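Read the structure below first, then the notes.
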Amino acid sequence: MPRALTLFLTLILAFSTWVAPAHGANNPELLPEESTPVIDLARVFTPIQRQALVEELDAVEARDGWKLRVLTQYDRTPGLAVKEFWGVDERSLVLIADPRGGNLLNFSVGDRMFALMPRNYWVELQTRFGNQYYVRDHGEDGAIRDALAAVETCLERGGCRVVPGLPQEQWVLTFIISMLGGVVAGFAAHPRPNSSSPVAWLWVSLLAPLWGVMFIIFGLGPVLSRTTDWLPLTRNVLGFLGAAIGAYITHRLRQREAPGQG
């Protein structure tokens, strides 16, 4: 759970500080002489990795017309000079990798691309792949490549509202919330005094906005919107049902024990 908590706090912070850092500097002397979609000032990539990434981004531009650009930096930055160097326009994405801000990834998004993937998408992309845990486990090069892969996937789909894929820590959070929804529904379902029905459907209905939001909106929603894999969805449904049945049975047993204790 530390990773899930860190991602949650990072997400809150990102909403207030998003997205591309201010680059007041203008140092064209740091730019390469040849045209390239990757400027690796921080030496994140090996020569082979860099060449493979260049070929990939060139292929995307040749096929679909989207300009995906990568700038890695640390203590030196070309700043505003990259805008003219790359001819940044409404169909461009500039990924700026700089670990000094706490999160590795920042994005400068063209209007046409922003229309396909809105603000919340870029915030999630930043927090998922640029956080310190992901960078530690996958390396800076892996974080950059995985973020670009997510963008390319969404461009092929014609846009995304959320980042594809369901990280383990995010699924765990949805599973816990699904179970909490089940607990609420289970306790609501226990029969009231002088009731002939074994299930208090009226109370289940009255509390549906609470357990429904927990289970459907926060338990199933993130799973359905990010993956077509049935396994996490099935686990969340079973978690909800199991928690609901467990809460219901627990309350019934306490009711039966109560008269004997008196």
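Numbering (mature numbering (1 follows the signal peptide of the UniProt record, and there is no 0)), first residue to last: -24 to -1, 1 to 238. Just so you know, even glycine gets a beta-carbon here, dropped at the ideal spot from N, CA and C. As the structure is a computational prediction, the values presented were derived from the model and not from experiment.
Bounding residues of the beta strand (DSSP E) (the contiguous stretch that carries residue i)
i	result
Leu47	43 to 48
Asp16	14 to 16
Ser68	68 to 73
Val85	81 to 85
Start and end residues, alpha helix (DSSP H) containing residue i
i	result
Phe105	95 to 106
Ser181	177 to 182
Ser172	Run containing Ser172: none; DSSP gives neither H nor E here.
For residue i, the nearest candidate out of the options (CA to CA)
i	options	result
Met89	His227, Ser11, Thr129	Thr129
Ala57	Thr103, Tyr110, Glu37, Asn3	Asn3
Met155	Gly215, Ile193, Trp62, Leu142	Gly215
Trp42	Leu101, Glu116, Gly135	Gly135
Leu7	Asp87, Asn82, Ala184, Lys59	Lys59
Ile72	Ile152, Asp117, Asp87	Asp117
His114	Arg137, Ser84, Leu80, Tyr97	Leu80
Leu183	Ile24, Gly157, Thr203, Asp65	Gly157
Arg112	Pro75, Thr226, Ser172	Pro75
Tyr97	Arg137, Phe83, Gly78, Leu69	Arg137
Residues of its chain near residue i, where Cβ-Cβ distance is below 7 Å and the 5 sequence neighbours each way are ignored
i	result
Pro13	Val30, Leu33, Asp34, Leu44, Arg45, Val46
Ala(-3)	Any answer about Ala(-3) is weak, because its pLDDT of 39 lies below 50 and its placement is not dependable; what the coordinates show is given next. Excluding positions up to five away in sequence, the list is empty.
residue 315	In the structure as shown, the chain starts at -24 and stops at 238, and residue 315 therefore has no counterpart that could be examined.
Cβ distance (whole Å) where residue i is taken to contact residue j below 8 Å
i	j	result
residue 242	Gly106	Residue 242 falls outside the range modelled here, since the chain spans only -24 to 238, and no answer is possible.
Gln146	Pro198	6 Å
Arg67	Gly141	Between Gly141 and Arg67 the Cβ distance is about 24 Å, and since that is not below 8 Å, they are no contact.
6 Å Cβ shell around residue i - same chain, five flanking residues per side excluded
i	result
Ala223	Val159, Gly162, Phe163
Leu229	none
Gly(-1)	Since pLDDT at Gly(-1) reaches only 49, below the 50 mark, its modelled position is unreliable, and the value read off the structure follows with that caveat. Counting only Cβ-Cβ distances below 6 Å, and skipping sequence neighbours, we find nothing.
Close beta carbons around residue i, own chain, < 8 Å, minus the five adjacent residues each side
i	result
Asp65	Lys43, Gly86
Ala176	Ala164, Ala165, His166, Pro167, Arg168
TODO: Determine contact between the segment 48 to 58 and the segment 13 to 26, defined as no fewer than three beta-carbon pairs at a distance below 8 Å.
DONE: yes
Open item on the list: Three or more C-beta pairs under 8 Å: does that hold for the segment 202 to 211 against the segment 185 to 192?
Closed with: With a cut-off of 8 Å, the segment 185 to 192 and the segment 202 to 211 do not count as touching, because too few Cβ pairs lie within range.
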